[in-house]
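Sequential numbering of the sequence shown, starting at 104, is according to our numbering.
All residues carry an ideal CB built from backbone N, CA and C; glycine is no exception.
Owing to the predicted nature of the structure, the values given are computational and were not obtained by experimental measurement.
Written below as structure tokens is the structure these notes are about.
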Amino acid sequence: MDHSKQETVGIIGLGIMGSALADQLISKGFSVFGIDPSNKARNRAKQAGVEVVPSIGVLLRHSHKLLSSLPSNEAFESICDALLQARAEANQTSNVILAETSTLPIDIKQKQERRLARAGIQLLDCPLSGTGAQARVGDVVVYASGSSKAISSMMPVFKGFSRAQVNVGKFGNGMRMKLVANLLVAIHNVAAAEAVLLGKRLGLDASDVVRVVGDGAGSSRMLQVRGPLMAKRNWQDATMKVSIWQKDMSIIGQALAQTSTPAPLFAACAPIYHAAQALGLGEQDTASVMAVLEQMAGMKP
């Protein structure tokens, strides 16, 4: 990938997903600069080879191709404010592209797209399909939406951290596609936990259940990715925190309500995630829905 040798990328947000993107890009020869409010995230990024900078203004001096991976609407809006302020203070006129990869409400992204456009910053809506664990090995799909020209410009960056990149059309279609994907993820994750638990209660080895069923017609990516965590009861190292997933579930629920779409399976699985949060598992992986089902079955941890 010779073209990446001279390519510089700025990453805003170096958490579970952002750090994984940085790792992949660095491994492909990109020069990566990053920013994050967390000391832990910054230190981890430095050790991985990211040039951590103190402000958005400094980040813009190093790269005009940016990625953001953020946990909330408030964080995204704050970053956009900082971009606009830095742009004004530096009196910059060069084109800047920000590919926003987070799962956030479409209307929030659309509002910021209009704001940033007035300052010459092109915002792309580019959520990713895949878990943090998948991102660490480049096994994610980019749902890119917005300006086709800007998407083409960012494509070498996308290819540097993902296995597939799809231009899904107008701005906002990326999030629309992500909501559909996450609806399935929500259901499949709980279904995987049900399957592993049934296997255990039938006297089967949980890891054997994941391995054998995962290779047949009953498989899903969630069984393949999170099934091993469920089998080993190892959900402390989160690739998607239960607390963050609550936000995603809320956005899906809003979309279902707005479109009057019946979703009985989604409605059935939502309380399982709420229960995981209530059990104090908010900072752990969503594979921890297994713990909720175990408790429902009267099993001791």
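Task: Within 7 Å, strictly: CB atoms of isoleucine 355 and asparagine 285 - done: Here the question's residue 355 lines up with position 252 in the sequence shown. Here the question's residue 285 lines up with position 182 in the sequence shown. Taking 7 Å as the Cβ cut-off, isoleucine 355 and asparagine 285 qualify as a contacting pair.
- [ ] Could you pull the start and end residues of the alpha helix (DSSP H) that aspartate 210 belongs to?
- [x] To locate residue 210, count along the sequence shown from 1; it is residue 107. Per DSSP, aspartate 210 belongs to the alpha helix (DSSP H) from 209-220.
Task: Cα-Cα separation between valine 156 and phenylalanine 136, rounded to whole angstroms - done: Sequence index remark: in the sequence shown, residue 156 carries index 53 (1-based). Sequence index remark: in the sequence shown, residue 136 carries index 33 (1-based). For valine 156 and phenylalanine 136, the distance between alpha carbons rounds to 7 Å.
Open item on the list: Rounded to whole angstroms, what is the Cα-Cα separation between valine 299 and glutamine 225?
Closed with: The residue labelled residue 299 in the question sits at position 196 within the sequence shown. The residue labelled residue 225 in the question sits at position 122 within the sequence shown. Distance between valine 299 and glutamine 225, taken at the CA atoms: about 45 Å.
Open item on the list: In whole angstroms, give me the CA-to-CA distance for glycine 113 and alanine 202.
Closed with: Position 10 of the sequence shown, counted from the start, is the residue given in the question as residue 113. Position 99 of the sequence shown, counted from the start, is the residue given in the question as residue 202. For glycine 113 and alanine 202, the distance between alpha carbons rounds to 10 Å.
Open item on the list: Using the three-state DSSP reduction, which class does glutamine 339 fall into: helix, strand or coil?
Closed with: Stepping through the sequence shown from its first residue, residue 339 is reached at position 236. It is coil, neither helix nor strand.
Task: For glutamine 195, the three-state DSSP class (helix, strand or coil) - done: By one-based count along the sequence shown, residue 195 stands at place 92. It is coil, neither helix nor strand.
Open item on the list: For the beta strand (DSSP E) containing glycine 113, name the first residue and the last one.
Closed with: One-based indexing of the sequence shown puts residue 113 at position 10. Element bounds for glycine 113: 111-115.
Open item on the list: Assuming alanine 371 and leucine 326 are in contact, meaning their beta carbons sit under 8 Å apart, how far apart are those beta carbons, in whole angstroms?
Closed with: The residue you call residue 371 lines up with position 268 of the sequence shown. The residue you call residue 326 lines up with position 223 of the sequence shown. About 18 Å; that fails the 8 Å criterion.
Task: Beta-carbon spacing of glycine 275, aspartate 311 below 7 Å - done: Indexing the sequence shown from 1 puts residue 275 at position 172. Indexing the sequence shown from 1 puts residue 311 at position 208. Cβ atoms of glycine 275 and aspartate 311: not closer than 7 Å.
Task: Where leucine 128 sits in the DSSP three-state scheme - done: To locate residue 128, count along the sequence shown from 1; it is residue 25. Three-state result, leucine 128: helix.
Open item on the list: Taking the alpha carbon of methionine 399 as the reference point, which residue from Glu297, Val313 and Asp318 has its own alpha carbon closest?
Closed with: Here residue 399 refers to the residue found at position 296 when the sequence shown is read from its first residue. Looking at the Cα atoms, Glu297 is the closest of the given residues.
Task: Among Leu186, Pro365, Gln357 and Leu124, the one whose alpha carbon lies nearest that of arginine 218 - done: Residue 218 sits at position 115 when you count from the first residue of the sequence shown. If we check each option's Cα against that of arginine 218, Leu186 comes out closest.
Task: Unbroken beta strand (DSSP E) run spanning serine 134, endpoints - done: The residue you call residue 134 lines up with position 31 of the sequence shown. Segment 134-138, the beta strand (DSSP E) holding serine 134.
TODO: List the endpoints of the continuous alpha helix (DSSP H) containing leucine 169.
DONE: The residue given as residue 169 occupies position 66 in the sequence shown. First-last for leucine 169: 168-171, but that is the beta strand (DSSP E), not the alpha helix (DSSP H).
Task: Assigned secondary structure, valine 156 (DSSP; H/G/I helix, E/B strand, else coil) - done: Taking the first residue of the sequence shown as position 1, residue 156 is located at position 53. Valine 156 falls in the coil class under three-state DSSP.
TODO: Would you mind stating whether glycine 263 and threonine 342 have Cβ atoms separated by less than 7 Å?
DONE: As a working mapping, residue 263 is identified with position 160 in the sequence shown. As a working mapping, residue 342 is identified with position 239 in the sequence shown. No, they are not a contact pair.
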